[in-house]
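Some notes on the structure that comes next.
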Ligand code: BGC
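In our numbering, the protein residues as written are 538 to 1035.
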């Protein structure tokens, strides 16, 4: 071989070696990055871990806080608010009633007609609209004018048929925010949640604000009750099944109410009701316990929210926040590796990933995870390989599993407080035979998260059985109550008239 040929051969070897070296370096680098995201996932899994032992600690903490909140005003982060609802609809109510529900994402208007028997419940003209986002930080006048205007249009559509007797229309106002009641039809807003920020409304009587707006429009309507959405759900649950004693909402926000004995409401001594009990609105979104598994994503989400240090439980389990926890995890993964491609500014935007998209990704059963690819693309992340899409599904699973399991612990906490968890309650002095006489207990549930996100629902129900045990859980029935928050409130108005 000539000298030139040797030189060429040597150069070719050097070039091949350096290409190989670059490829090896790239592979090592990409493996290192993959390892980084796998570690982020592992850390998330550990941070969100909810073994049954931990759930039981949450159950106990919930029951203890309920006692504290009932014992004194401000005794707990759980407000345990009086609702002045002490009789629930029985099924014999008659007449036509209206309901307006201001929730977290939607408002609804409907009319119910009752024929005096359970089977004669006719729900008519349900209207459901998204709440225009500008209203969430407008003024009290703008918000209530909008609600009155919507009611006016609803009534115009019905013509004279539904109100032929010319009597005033009786309206239930379901208001899904914390209210300090002075009666069943009046109460002042304690604080906003779920991103609403109309500060001048705090401390104002909500029913009065609506009544004034209705009068201003000349509407012949009377705000007969003001209730929390959970109370509406309980009412509809009880109407269908008198074993219903607890109601929970898993929607944009989350909360629970239940029937409590008046003598257990120590902070309101002397409170007398004909039934000896009253529905208590727990406002459990604000529950907190050191046993809750909190991650750095939760801490950042809270700090950057419109209500920091508030509604800690709600921020771990409700529809408004699950999407944002998932987004924060994906954002961190994309910042610490390039597996999501070039950085997307949308991914850095708070609440850019909504919980319904998390549910769609989690439940994507296409072999190539096309739904995951589509949603990531909408977030400005395109062309991610299948293994990365699988990783995203795993993140959704971890966050939703924790939410479902903590939600179950919350429910079990209430059951414990009222002695329906098989243990005899936390201040039990009850005998074993009494404990064994477990009563059938129905928990009525409503809210988009529960109704539409199958995996959330399954994780919740599975964890409830795990906490209570097979035997006791046979007596606990979880029942979905579609539109319960609005229909049930209209039923309450009816029960007051009969
Ligand atoms: C509110 C509760 C409401 C729950 C569910 C929470 O943010 O504080 O009053 O019941 O959301 O809508």
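We put the beta carbon where it would ideally sit given N, CA and C, even for glycine.
Please determine whether the Cβ atom of residue i lies at a distance below 7 Å from any heavy atom of the ligand BGC.
i, result
"residue 845", "no"
"residue 1104", "This structure leaves residue 1104 out entirely; the chain is present only between 538 and 1035."
"residue 715", "yes"
"residue 766", "yes"
"residue 791", "yes"
"residue 852", "no"
"residue 620", "no"
"residue 1025", "no"
"residue 614", "no"
"residue 731", "yes"
"residue 822", "yes"
"residue 860", "no"
"residue 1006", "no"
"residue 641", "yes"
Three-state secondary structure (DSSP) at residue i?
i, result
"residue 967", "Confidence in residue 967 is poor, its pLDDT being 46 and thus under 50, which makes the residue's placement too unreliable to answer from."
"residue 797", "strand"
"residue 1081", "Nothing can be reported for residue 1081: it is not among the residues displayed for the chain, which extend from 538 to 1035."
"residue 752", "helix"
"residue 977", "coil"
"residue 1016", "strand"
"residue 736", "helix"
"residue 597", "helix"
"residue 972", "Residue confidence for residue 972 is low, a pLDDT of 49 falling below 50, so the modelled location carries little weight and cannot support an answer."
"residue 642", "coil"
"residue 707", "strand"
"residue 815", "strand"
"residue 790", "coil"
"residue 649", "strand"
"residue 758", "strand"
"residue 622", "coil"
"residue 983", "strand"
"residue 655", "helix"
"residue 835", "helix"
"residue 742", "strand"
"residue 809", "coil"
"residue 993", "helix"
Is residue j closer than 8 Å to residue i when the C-beta atoms are compared?
i, j, result
"residue 711", "residue 636", "yes"
"residue 763", "residue 723", "yes"
"residue 614", "residue 752", "no"
"residue 662", "residue 650", "no"
"residue 735", "residue 670", "no"
"residue 682", "residue 750", "yes"
"residue 1021", "residue 983", "yes"
"residue 844", "residue 765", "no"
"residue 640", "residue 713", "yes"
"residue 781", "residue 979", "yes"
"residue 620", "residue 786", "no"
"residue 628", "residue 1034", "no"
"residue 708", "residue 666", "no"
"residue 776", "residue 1028", "yes"
"residue 799", "residue 810", "yes"
"residue 836", "residue 791", "no"
"residue 890", "residue 916", "yes"
"residue 664", "residue 646", "yes"
Can you name the start and end residues of the alpha helix (DSSP H) that residue i belongs to?
i, result
"residue 774", "766-777"
"residue 1028", "1021-1034"
"residue 929", "923-954"
"residue 858", "856-873"
"residue 892", "892-899"
"residue 614", "Premise fails: residue 614 is in no alpha helix (DSSP H) and is neither H nor E."
"residue 682", "677-695"
"residue 908", "907-915"
Taking residue i as part of the beta strand (DSSP E), name the residues at either end of that continuous run.
i, result
"residue 661", "658-667"
"residue 634", "631-639"
"residue 781", "781-787"
"residue 726", "723-726"
"residue 716", "716-720"
With a threshold of 8 Å between beta carbons, is residue i in contact with chain D?
i, result
"residue 867", "The structure shown has no chain D; it contains just one protein chain."
At least three beta-carbon pairs within less than 8 Å, the region 992-999 to the region 730-746: no
Is it a yes or a no for the region 876-889 touching the region 1014-1022, going by three-plus beta-carbon pairs under 8 Å? The region 876-889, when compared against the region 1014-1022, does not touch it at the 8 Å Cβ threshold.
Could you say if the region 895-906 and the region 925-940 meet the contact criterion of at least three C-beta pairs nearer than 8 Å? yes
Does the count of Cβ pairs from the region 869-879 and the region 574-581 closer than 8 Å reach three? yes
Does the region 594-610 touch the region 860-870, meaning 3 or more C-beta pairs lie closer than 8 Å? no
Does the structure place the region 584-593 close enough to the region 737-747 that three or more beta carbon pairs sit under 8 Å? no
If you pair each beta-carbon of the region 904-916 with each one of the region 798-805, do three or more pairs fall below 8 Å? No, the region 904-916 does not touch the region 798-805.
Is it true that the region 941-955 meets the region 997-1005, where meeting means three or more beta-carbon pairs spaced less than 8 Å apart? yes
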